[in-house]
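Each step along the sequence shown adds one to the number in the numbering used here, with nothing skipped, and position 132 is 840.
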Amino acid sequence: FMASQQVLVGLCVLAWTVSGLPVGSGRVGETLTFFDDFSGSFLNESQWNVLNQVHRGGVYSRDNAWVQDGLLVLRTVSSNQTIDGTDYYVASGAVNTSGLFEQRQGRFEVRAKMPDVDRSSGYTLHSSIWLIAHPGASTCPQELDIVEQYAADPYPSSKVQGNIHAFGPSPACTPLRAGAGAVYSSTDDFTTDFHVFSLEWADDHLTFAIDGLATATYTNSSIMESLTEKQFLALTACVMDRVPVLSSDAFPLFYYIDWVKVWSF
């Protein structure tokens, strides 16, 4: 795969009012298309779906996603449940914008404080900020992971990575990055304070950034040409392993999101 290239993200900003949206900040030529700072008493379900389903090794449940003190809170808790004859031990929160907001290209930013994944050595909490397209009859899967979080040493560090899941034409849908690994990987303390995670998706590049500093720019033309569909945003605290909790597993764990902003250009 192509090597990551570190560059500085442009700092030129402009504030303006977009019809139907509050004041946002972006670069010249950008239009704010999605905004939520979770300032109300309840999650705005005209913008977000709250997931209530089995996923991987755990269960997404509505009571683990809520708005409080200007933040979206996604909680992970010990919760013994049997669903369709299968035992689950951990429940968590997840939201997405599927069917409510979907966009191809633009700039996607999320200010978040990641959960303490080091404290989930048994069930393995995997929290993410990602974009995904609906698979159609003639299209292959398309997914852009702005953040995937993993445990790392020393505590309270954790590792965040970005990834691109792109495929060749249907019907073969051959993976275009098979075995390539993460586009970027950064180990730091992402759990004590908030950080801004972003993706700029243009015709000819994908640039991932943390707190305004680019972590990688990807320009492979085959990859860029494969990203043909609008994608929706997902914020998820995913339980990876369906196993009884360990004495070392801490509960509850919290994933906080301060705001979400998306621009088109």
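In this text, a Cβ means the ideal position worked out from N, Cα and C, and glycines have one as well.
Because the structure is a prediction, the values reported are computed rather than measured.
Residue i, enclosing beta strand (DSSP E) - first and last residue
i	result
S786	L779 to I791
S934	Note, S934: premise wrong, no beta strand (DSSP E); alpha helix (DSSP H) at S929 to S934.
A859	E851 to A859
L740	T739 to D744
P794	In the sequence under discussion, the amino acid at residue 794 is Thr, which differs from the Pro named in the question. T794 to S800 is the span of the beta strand (DSSP E), which, as asked, contains T794.
A773	A773 to Q776
T899	Where T899 is concerned, there is no enclosing beta strand (DSSP E), given that its DSSP letter is neither H nor E.
V762	Q761 to H763
V736	Run containing V736: none; DSSP gives neither H nor E here.
L767	The amino acid at residue 767 is misidentified as Leu; the sequence shows Val. Its beta strand (DSSP E) spans residues G766 to Y768.
Rounded straight-line distance, which links the Cα of residue j to that of residue i
i	j	result
S972	E738	6 Å
E851	T790	31 Å
L839	W967	16 Å
Y797	T944	17 Å
S769	E908	31 Å
T927	V891	11 Å
P864	N760	30 Å
N871	T923	12 Å
R885	D792	36 Å
T936	F875	11 Å
Q811	N788	37 Å
R815	T915	9 Å
F742	T882	32 Å
T794	L954	19 Å
Nearest-angstrom Cβ-Cβ length linking residue i and residue j, presumed shorter than 8 Å
i	j	result
G766	A799	6 Å
I918	S893	About 11 Å; that fails the 8 Å criterion.
V803	A841	In fact, because the Cβ distance is near 18 Å, the residues do not count as touching under 8 Å.
F962	V781	6 Å
F905	V970	Rounded, the Cβ-Cβ distance is 13 Å, inconsistent with contact.
P960	V785	5 Å
T832	M948	4 Å
Beta-carbon contacts of residue i that lie in its chain and below 8 Å, excluding the five residues immediately before and after
i	result
S747	G778
A910	Q813 and F973
S956	R827, S829 and G830
D912	T927, S929 and M932
Chain-order list of residues whose beta-carbon lies under 6 Å from that of residue i (same chain, five-residue window excluded)
i	result
Q857	M822, V825, S835, S866 and V868
W756	V803
G801	N772, A773, L782, R783 and A945
Close Cβ partners of residue i (< 7 Å) along its chain, the five nearest in sequence each way excluded
i	result
F750	V775
D853	S836, W838, G870 and N871
TODO: Scan the stretch 907-965 and note each continuous beta strand (DSSP E) run of 3 residues or more that stays entirely inside, going in chain order.
DONE: Under the rule that a run must span 3 or more residues, the beta strand (DSSP E) segments found entirely inside the stretch 907-965 read 914-918, 921-926 and 939-947.
Task: Contained beta strand (DSSP E) runs [length at least 3] in the stretch 802-887, N- to C-terminal order - done: 802-804, 814-821, 833-840, 851-859 and 866-873, all fully within the stretch 802-887.
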